[in-house]
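Below is one structure; the comments refer to it alone.
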DNA sequence: GGTTATGTTCGACGATGATCGAACATTCAA
DNA sequence: TTGAATGTTCGATCATCGTCGAACATAACC
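Protein chains in written order, with our numbering: chain A, 1 to 100; chain W, 1001 to 1100.
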């Protein structure tokens, strides 16, 4: 048997998760990421109406919140959605975002 | 049969729900409300570190987001948590808040 | 080596929202 | 009728955060 008891998820952690998911640009990132294979999209390839520096800001937020991880591939920074991991910590929240 | 197909829940509605739930004072209101019987707590009876006018502001947010309804009883304004209604629109979100 | 592409960092700006106190309205109680 | 209790409204203030451009760093490509 695995130790899959519900993690208490302190309110501070919940605050971070809600903040991360509460921005429309970040939700768009999450949706585009969910629609593609892991590690196939670099930061600059997202279809978003913001500048490069703003993009960097949002990606940092998402990484800090545990929603995605990044990996450098030469020039580019590739992304992977931490779907199961996040869903385990905050059940249903990511689904709410991804169901449009 | 009842027409209980999943409402698409536009992103604007999701934005409103996340905003409403994204404030710690409002989450405290929701938790205190969930811990009591419906219509038993007036606005001024909540244990919160904010002023009266701030309280009014937060209650308006929660009503607008469809999280609670209010009813005047003489002097006081009583509250009821719209648990099932909100959970039907945004499954799991309120549980996330109420599970501390 | 020089140029282009991809990201980050930094400082600044602006909008939004949480907060408060004072004034007001309403209801209840003495 | 007077006073206390409960909420709302209205401005004002303050902090946070999303946003940008400019400068910088690094890697790929010719």
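Every residue, glycine too, gets a C-beta built ideally from N, C-alpha and C.
According to the Cβ coordinates, are residue i and residue j closer than 8 Å?
i, j, result
"residue 19(A)", "residue 1024(W)", "no"
"residue 67(A)", "residue 82(A)", "yes"
"residue 1092(W)", "residue 93(A)", "yes"
"residue 98(A)", "residue 14(A)", "no"
"residue 89(A)", "residue 9(A)", "yes"
"residue 1047(W)", "residue 1032(W)", "yes"
Counting along the chain, where does the alpha helix (DSSP H) carrying residue i start and finish?
i, result
"residue 1073(W)", "Looking at the DSSP string, residue 1073(W) is not in any alpha helix (DSSP H); the run it does join, the beta strand (DSSP E), is 1068–1073."
"residue 95(A)", "93–98"
"residue 1064(W)", "1052–1064"
Within 10 Å of its beta-carbon, does residue i have 16 or more other beta-carbons around it, so buried, or fewer, so exposed?
i, result
"residue 34(A)", "exposed"
"residue 61(A)", "buried"
"residue 1100(W)", "exposed"
"residue 1075(W)", "exposed"
"residue 50(A)", "exposed"
In the DSSP assignment, find the beta strand (DSSP E) that holds residue i and state where it starts and stops.
i, result
"residue 81(A)", "76–81"
Short of 9 Å Cβ to Cβ, which residues in the segment 76–98 of chain A face chain W? 90, 91, 92, 93, 95, 96 and 97
Listed in chain order, which residues of the segment 1033–1053 of chain W have Cβ atoms closer than 8 Å to some Cβ of chain A? none
Which parts of the segment 1005–1041 of chain W are runs of the beta strand (DSSP E), unbroken and 3 residues or longer, counting only runs that do not cross its ends? Within the segment 1005–1041 of chain W, no complete beta strand (DSSP E) segment of 3 residues or longer occurs.
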